[in-house]
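So the structure is just underneath, and the comments pick up after that.
Residue numbers (our numbering): -14 to 240.
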């Protein structure tokens, strides 16, 4: 009697380059973010894959509490497909990027993944503002007035005029994800300044991506959101060549 063929026979194997052939993206997400994977899954093309690690976050959402994530970022980066090349590593928290500092986040990731390109929503936002030649910003967030003040001050320090910033007043990521896309759309339309060159919708926990086209059509200016920005910048790192439709002009026209 012959032995059964093992399922690990070479004919079942596939070279690693055929798995996610157009890009592999590492994502460091907040432990409490309900939305990030769902949003990225919609926007990344099928031949690009992302792989998530999470860092513990502390509530309520304040600048002080956001900084408590910093000591865990290096280990989170190290846990994403160890020994495998990635096209980029994302730190997926907008307010956390401002609280910890964009250069500090890069340094923390490079402690364990020194050769990886790194982005976060704030780095990507600054690049997109420049690409759209936007100087005057309206910003929509789910945050409290206190956090919004720090967000506005950050972008002002980079030379942008923050005409207005308006928030839903939430302190918890899970609650932020409960905000319906249509309510995000209405808040954007009602509060965006007519003098703004661009509207930035901040926070990876907000389900904004699916209504970006609708908001842009109504406002007639570019509209960018945290998760859309992360997809756009990471695909730039991966040299992805094709436009992506349905999630705003940044992914459609600027890849």
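The C-beta atom is built at its ideal place from N, Cα and C for all residues, glycine as well. Given the structure is predicted, the values throughout are model-derived calculations rather than measurements.
Exercise. Give the DSSP-derived three-state secondary structure of residue 139 in the structure shown.
Key: helix
Exercise. State the DSSP-derived secondary structure class of residue 232, mapped to helix, strand or coil.
Key: If DSSP states are grouped into helix, strand and coil, residue 232 belongs with coil.
Quiz item: Taking Cβ to Cβ, would you say residue 34 is nearer than 8 Å to residue 5?
Solution: Cβ atoms of residue 34 and residue 5: closer than 8 Å.
Quiz item: Between the Cα of residue 191 and the Cα atoms of 8, 89, 69 and 21, which residue gives the shortest distance?
Solution: 21
Self-check item: Length of the line joining the Cα atoms of residue 12 and residue 77
Solution: 7 Å
Quiz item: Under the three-state reduction of DSSP, which class applies to residue 17: helix, strand or coil?
Solution: coil
Practice problem: Closer than 8 Å by C-beta to residue 240: which residues in its own chain qualify, once you throw out the five before and the five after it? Chain order, please. | Solution: 217, 220, 221, 225, 226, 227, 228 and 229
Quiz item: At which residue ranges does the region 164 to 204 contain complete beta strand (DSSP E) runs of 3 or more residues, listed in the order of the chain?
Solution: Taken in chain order, the complete beta strand (DSSP E) segments of 3 or more residues contained in the region 164 to 204 are 183 to 186.
Self-check item: For residue 124: DSSP bridge partner residues
Solution: The partner list for residue 124 (beta bridge, DSSP) reads 150 and 185.
Quiz item: Is the beta carbon of residue 132 sitting closer than 8 Å to the one on residue 48?
Solution: yes
Quiz item: If we ignore side chains and look at the alpha-carbon of each, how far apart do residue 143 and residue 25 end up?
Solution: 28 Å
Practice problem: Return yes when the C-beta of residue 6 is under 7 Å from any heavy atom of the ligand SAH, and no when it is not. | Solution: The model on display carries no ligand, and the ligand SAH is accordingly not part of it.
Self-check item: Limits of the beta strand (DSSP E) - the one that residue 73 falls within
Solution: 73 to 77
Quiz item: Can you pull the DSSP bridge partners for residue 237?
Solution: Residue 237 pairs with nothing; no bridge assigned.
Quiz item: Counting along the chain, where does the beta strand (DSSP E) carrying residue 108 start and finish?
Solution: Unbroken run through residue 108 is the alpha helix (DSSP H), 106 to 116; no beta strand (DSSP E).
Exercise. Count the C-beta pairs between the region 95 to 104 and the region 124 to 140 that are closer than 8 Å, then say yes if the count reaches three, no if not.
Key: no
Self-check item: Inter-residue spacing [alpha-carbon to alpha-carbon] between residue 17 and residue 189
Solution: Roughly 11 Å between the two C-alpha positions.
Quiz item: Opposite residue 9 in the DSSP bridges: which residues?
Solution: Per DSSP, 34.
Quiz item: Cβ of residue 166 within 8 Å of Cβ of residue 209?
Solution: no
Self-check item: Cβ-based neighbour list, residue 159, same chain, cut-off 7 Å, excluding 5 preceding and 5 following
Solution: Result list for residue 159: 17 and 19, in chain order.
Exercise. Have a look at the DSSP bridge pairing and note the partners of residue 210.
Key: 186
Quiz item: Which class does residue 43 belong to by DSSP, given the choice of helix, strand or coil?
Solution: coil
Practice problem: With DSSP as the reference, please indicate the residues paired to residue 103 in a beta bridge. | Solution: In the DSSP secondary-structure assignment, residue 103 is bridged to 74.
Quiz item: Between residue 85 and residue 51, is the Cβ-Cβ spacing less than 8 Å?
Solution: yes
Practice problem: Put residue 224 into one of helix, strand or coil per three-state DSSP. | Solution: coil
Self-check item: Identity of the residue in 31, 39, 75 and 36 nearest residue 212 by Cα
Solution: Residue 75 is the option with its Cα nearest to residue 212.
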